[in-house]
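Structure record follows, encoded as structure tokens.
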Amino acid sequence: MINRQALTHFPRALEVISILESFRTFLCNNRPGDIPENDYNFLLTYLERAHLLQKLEREVGTLELGELNLMPGESRLYEGLLPLGTLVHILPGNSPGLAFYALLDGLLTGNINILKLSKKEEAWTYNLIMQLKSFSPRLADYILPLNAPIQEVMGLADGVSAWGGDQALESIRATVPQGVRFIPWGHKISFAVIDRASGNNLQVLQNLVHEMTLNNQQACSSPQIAYVEAGTFAELCAFAERIVPLMKDVDYAGATGLDEQSEITTQSLMQFYESLLPDSSEKTKLYEGPQKNWRLFVTDSPKLETSPLYKTLWIKPWPSDWSVLGPYRPYLQTCGLAVSAEIFSVTARNLFCAGVTRIRPLGKMTEGHVGEPHDGEYGLARFLRRVSMESDLSCPASHSLSTPMVKAPLMDKAAFQKANERNVHTDLYFKSGGSSGTPALSRFTYRDYHLLMSYAAKGLISAGLNPKDDLCVNLFFGGGLYGGFLSFYTILEKIGVPQLPMSAHLDFQYVAETIKNLRPTVVLGMPSYLITLFSQFGHLFRDNCPIKKIYFGGEHFPALIREKIQKEFSIEIIKSASYGSVDAGPLGYQCKYTGGTLHHLHCGLHHVEVLELEEDRPIGSGQLGRLVVSTPMRESSLVQRYVVGDTGILSEKKCPCGSSDLLFDLKGRIGDVFKAGGSFLNYQKFAQLLEDHCGFSSEFQITLTHQADHDRLTIRLATQDIDLNKENIAGALVKNYHDLFEIVVEEKSVLLAVEFCTLTELERTPGSGKLRHVIDKRKI
Numbered sequence: 007m008i009n010r011q012a013l014t015h016f017p018r019a020l021e022v023i024s025i026l027e028s029f030r031t032f033l034c035n036n037r038p039g040d041i042p043e044n045d046y047n048f049l050l051t052y053l054e055r056a057h058l059l060q061k062l063e064r065e066v067g068t069l070e071l072g073e074l075n076l077m078p079g080e081s082r083l084y085e086g087l088l089p090l091g092t093l094v095h096i097l098p099g100n101s102p103g104l105a106f107y108a109l110l111d112g113l114l115t116g117n118i119n120i121l122k123l124s125k126k127e128e129a130w131t132y133n134l135i136m137q138l139k140s141f142s143p144r145l146a147d148y149i150l151p152l153n154a155p156i157q158e159v160m161g162l163a164d165g166v167s168a169w170g171g172d173q174a175l176e177s178i179r180a181t182v183p184q185g186v187r188f189i190p191w192g193h194k195i196s197f198a199v200i201d202r203a204s205g206n207n208l209q210v211l212q213n214l215v216h217e218m219t220l221n222n223q224q225a226c227s228s229p230q231i232a233y234v235e236a237g238t239f240a241e242l243c244a245f246a247e248r249i250v251p252l253m254k255d256v257d258y259a260g261a262t263g264l265d266e267q268s269e270i271t272t273q274s275l276m277q278f279y280e281s282l283l284p285d286s287s288e289k290t291k292l293y294e295g296p297q298k299n300w301r302l303f304v305t306d307s308p309k310l311e312t313s314p315l316y317k318t319l320w321i322k323p324w325p326s327d328w329s330v331l332g333p334y335r336p337y338l339q340t341c342g343l344a345v346s347a348e349i350f351s352v353t354a355r356n357l358f359c360a361g362v363t364r365i366r367p368l369g370k371m372t373e374g375h376v377g378e379p380h381d382g383e384y385g386l387a388r389f390l391r392r393v394s395m396e397s398d399l400s401c402p403a404s405h406s407l408s409t410p411m412v413k414a415p416l417m418d419k420a421a422f423q424k425a426n427e428r429n430v431h432t433d434l435y436f437k438s439g440g441s442s443g444t445p446a447l448s449r450f451t452y453r454d455y456h457l458l459m460s461y462a463a464k465g466l467i468s469a470g471l472n473p474k475d476d477l478c479v480n481l482f483f484g485g486g487l488y489g490g491f492l493s494f495y496t497i498l499e500k501i502g503v504p505q506l507p508m509s510a511h512l513d514f515q516y517v518a519e520t521i522k523n524l525r526p527t528v529v530l531g532m533p534s535y536l537i538t539l540f541s542q543f544g545h546l547f548r549d550n551c552p553i554k555k556i557y558f559g560g561e562h563f564p565a566l567i568r569e570k571i572q573k574e575f576s577i578e579i580i581k582s583a584s585y586g587s588v589d590a591g592p593l594g595y596q597c598k599y600t601g602g603t604l605h606h607l608h609c610g611l612h613h614v615e616v617l618e619l620e621e622d623r624p625i626g627s628g629q630l631g632r633l634v635v636s637t638p639m640r641e642s643s644l645v646q647r648y649v650v651g652d653t654g655i656l657s658e659k660k661c662p663c664g665s666s667d668l669l670f671d672l673k674g675r676i677g678d679v680f681k682a683g684g685s686f687l688n689y690q691k692f693a694q695l696l697e698d699h700c701g702f703s704s705e706f707q708i709t710l711t712h713q714a715d716h717d718r719l720t721i722r723l724a725t726q727d728i729d730l731n732k733e734n735i736a737g738a739l740v741k742n743y744h745d746l747f748e749i750v751v752e753e754k755s756v757l758l759a760v761e762f763c764t765l766t767e768l769e770r771t772p773g774s775g776k777l778r779h780v781i782d783k784r785k786i
């Protein structure tokens with residue numbers, strides 16, 4: 007019956023949400039005829055992606071169920087949330103649709119769900135469950151309606167979620183095996199609280215009538231009592247008499263079962279006879295509809311009493327001390343509050359202290375919102391177990407989502423921007439652009455932003471940042487809609503590491519003196535800023551230098567300069583702070599065993615593809631290709647097969663750090679790979695050869711033009727070094743770059759030239775001022 011293997015391949019929450027989103031579309035186009043209008047509309051709202059994401063994040067605080075995350079401020083301690091396993095749901099028959107929503111909670115948390123439905127359950131609920139099971143083969147093994155006796159499956163359960171009254175729950179609890187989590191959802195009591203002024207307000211009275219007659223008070227949030235501010239029994243009766251005329255249009259439908267009818271009759275007769283006793287310790291009075299289709303029990307005793315329901319309401323005096331509710335504390339749920347602003351806060355506080363879990367305006371007691379706690383608890387959290395691990399691994403464990411790869415057209419930057427211009431909800435705007443195109447705006451919700459930053463934080467820890475021992479100075483640029491400084495402020499905050507939020511302050515001497523005085527162990531920033539700081543102001547902190555780690559981003563950090571700084575200042579680690587883009591967010595990170603251009607990819611955040619340079623076909627391991635990512639977790643932006651603009655080589659090797667995230671060796675921007683003389687050449691390869699064989703590590707630019715019938719490749723080096731020789735540089739490049747040797751020497755299809763220039767003569771992008779690596783003028 008149960009595929010236990012399914013527990014090791016459980017669907018992640020985002021995969022379930024994607025399936026439910028598709029199921030919602032199916033229901034929009036194929037409305038089941040047996041679902042009532044209100045239930046159908048609520049169902050469609052509930053299945054909206056935004057609502058499910060909000061529910062998941064609010065109830066469990068993360069979208070990363072099934073992943074172990076390093077705890078803030080820790081260096082080796084990991085925690086995560088996993089499914090409980092197999093859940094047995096024992097469901098009531100008095101709440102249409104509840105069984106389906108209980109199933110959704112079980113699916114969102116990755117559990118196998120055995121569903122024991124009540125015989126009184128509406129047929130449409132069962133049909134909806136079976137529709138979802140047949141709609142999604144991926145979820146079919148996790149949806150198991152039960153026809154057999156419940157005792158036959160109790161031995162398979164890791165958790166039993168049961169709904170009912172005290173007696174029913176105790177009976178079920180007795181059958182639950184030792185050690186299995188029992189998750190009870192018992193009957194609750196709700197009531198209204200009305201001050202003197204509100205008790206004379208017609209709208210308040212109409213709202214009370216609405217609450218007590220809606221669905222025959224079958225909801226746990228329906229009021230059974232109205233506590234009214236009144237000094238005398240006569241005032242309570244006067245309040246009841248203001249309600250009586252409003253009851254004239256109440257429909258006759260009432261209790262249908264003999265037990266319910268008997269309970270109503272018994273309590274009504276008791277109230278009637280007590281009202282006739284002159285020496286009774288409690289004053290009582292019964293108001294009843296002419297067809298006995300509603301009842302008001304008025305009494306001067308404030309003690310809490312349950313109603314037989316079916317349009318039956320107690321009217322009681324406002325107690326002088328809300329502790330009178332104490333004996334019923336575990337049963338209290340909703341209070342419909344109708345009081346003046348002056349006493350609202352103190353009354354609400356007293357009610358919460360007495361045990362109430364929900365306060366709503368009178369008239370909205372049965373209304374709720376997606377992700378709202380049920381009976382003071384979040385349901386999803388009860389279906390999960392928290393696991394922990396202590397590890398000496400240098401990387402946090404990371405796991406790829408099991409969502410199927412999206413089949414969709416590729417998106418370049420222009421398509422990405424156009425697709426996301428339609429997004430109506432944006433919390434954050436960052437400037438995007440530079441080396442890859444015209445500056446534009448990238449849009450984020452706060453949820454997306456914090457999700458992306460949490461992954462970047464895990465990556466920075468993998469690169470060696472230690473929240474227990476390090477002090478960081480954040481020297482990234484900020485302002486002007488640039489996201490660098492702000493992002494790394496958030497990243498460091500999520501890690502829980504102390505930081506100095508300096509930004510790329512233009513007073514370099516002040517920055518250097520701060521480093522000397524406050525002694526940060528880590529600096530983070532863009533290479534161009536860091537090079538200036540260390541080369542021109544490093545003498546202020548070189549002696550007994552506190553800095554042990556440098557994390558950079560946004561630009562290339564020339565290897566020769568990096569090595570010089572590392573040696574001169576005794577730096578232990580110089581690594582990438584994060585590999586990513588403004589649009590797509592963090593894409594990769596480095597660990598203890600990676601450096602230079604080699605990164606792990608954030609496979610838990612993105613689906614990753616590497617495609618051929620000229621065709622949209624996947625390439626094999628070890629081949630150069632274009633990086634394409636899809637990010638199903640994103641809420642504000644459609645990131646679906648987005649060509650991020652980088653090229654590289656995907657490796658299937660396992661990293662010694664223990665991370666399961668793929669290794670990707672960056673080979674530069676797509677524009678860095680260009681075709682000349684029929685061969686593909688790479689700007690980054692030229693950069694490496696210039697450093698290794700020519701001692702050149704400054705900026706340079708490649709220009710492509712036509713000359714006669716040949717391509718002309720001009721390398722423009724920004725240098726004033728008189729020891730450099732153009733011919734020697736050209737010779738070294740040809741000698742050590744085989745593809746270049748073929749087209750320049752053997753085939754003679756490309757003319758190679760080397761020129762010297764100043765930094766200001768190199769062309770840059772107008773938005774960010776970043777260097778344009780390759781300028782192809784052959785197209786002009």
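Under the working numbering, the first residue of the sequence shown is numbered 7, with each subsequent residue one higher.
Glycine included, every Cβ here is placed at the ideal spot set by N, Cα and C.
Residue burial classification, residue i (beta-carbon count within 10 angstroms, cutoff 16)
i	result
Ile-728	exposed
Met-411	Here the model assigns Met-411 a pLDDT of 43, short of 50, so the residue's position is not dependable and the matter cannot be decided.
Lys-322	buried
Glu-658	exposed
Pro-38	exposed
Gly-385	buried
Range covered by the beta strand (DSSP E) that runs through residue i
i	result
Pro-533	Looking at the DSSP string, Pro-533 is not in any beta strand (DSSP E); the run it does join, the alpha helix (DSSP H), is 533–543.
Glu-294	290–294
Ile-200	195–200
Glu-158	Counting along the chain, Glu-158 falls outside any beta strand (DSSP E), and DSSP gives it neither H nor E.
Val-760	756–763
Residue i, enclosing alpha helix (DSSP H) - first and last residue
i	result
Asn-523	514–524
Lys-573	565–574
Tyr-495	490–501
Leu-672	Element bounds for Leu-672: not the alpha helix (DSSP H) but the beta strand (DSSP E), 669–675.
Ala-347	347–360
Contact set for residue i: own chain, Cβ-Cβ below 7 angstroms, skip 5 residues either direction
i	result
Glu-769	Gln-707, Arg-778, Ile-781
Leu-152	Ile-120, Leu-121, Lys-122, Val-159
Leu-175	Ala-168, Pro-190, Gly-192
Glu-63	Leu-69, Arg-453
Leu-498	Cys-478, Asn-480, Gln-505
Val-756	Ala-682, Gly-683, His-716, Asp-717, Leu-719, Ile-749, Val-750
His-699	Ala-738, Asn-742
Ala-203	Ser-346
Member of the options whose CA lies at the smallest distance from the CA of residue i
i	options	result
Tyr-3	Cys-243, Ile-118, Ser-394	The structure shown does not extend to residue 3, since the chain spans only 7 to 786, so no value can be given for it.
Ala-232	Gln-224, Ile-249, Ala-225	Ile-249
Lys-370	Ser-227, Ser-326, Ile-8	Ser-227
Gly-484	Pro-624, Pro-473, Asp-475, Ala-510	Ala-510
Pro-379	Leu-93, Arg-392, Val-362, Leu-368	Val-362
Glu-158	Gly-382, Lys-122, Lys-522, Asn-523	Lys-122
Gly-67	His-456, Glu-753, Ile-521	His-456
Ser-627	Leu-669, Ala-738, Gly-591	Leu-669
Lys-139	Ile-579, Ala-154, Ala-174, Leu-109	Leu-109
Tyr-535	Asn-523, Met-508, Cys-551, Thr-527	Met-508
Phe-692	Leu-604, Gly-737, Asp-589	Gly-737
Glu-373	Glu-217, Lys-317, Phe-491	Glu-217
Asn-206	Gln-515, Ser-636, Val-345, Gly-674	Val-345
8 angstroms CB neighbourhood of residue i in its chain, flanking five on each side removed
i	result
Ala-12	Ile-118, Asp-147, Tyr-148
Ala-446	Lys-419, Gln-423, Lys-437, Ser-438, Gly-439
Leu-59	Ile-23, Leu-69, Arg-453, Glu-641
Other residues of its chain near residue i: CB distance less than 6 angstroms, five sequence neighbours each side excluded
i	result
Phe-563	Pro-533
Ser-307	Glu-288
Ala-360	Trp-328, Leu-331
Every unbroken alpha helix (DSSP H) within the region 53–138, with a cutoff of 4 residues, ordered by chain: Runs found: 55–66, 104–114.
Could you name each continuous beta strand (DSSP E) segment of 3 residues or more that falls completely within the region 622–649, going from the start of the chain to the end? Qualifying beta strand (DSSP E) stretches, in chain order: 630–636.
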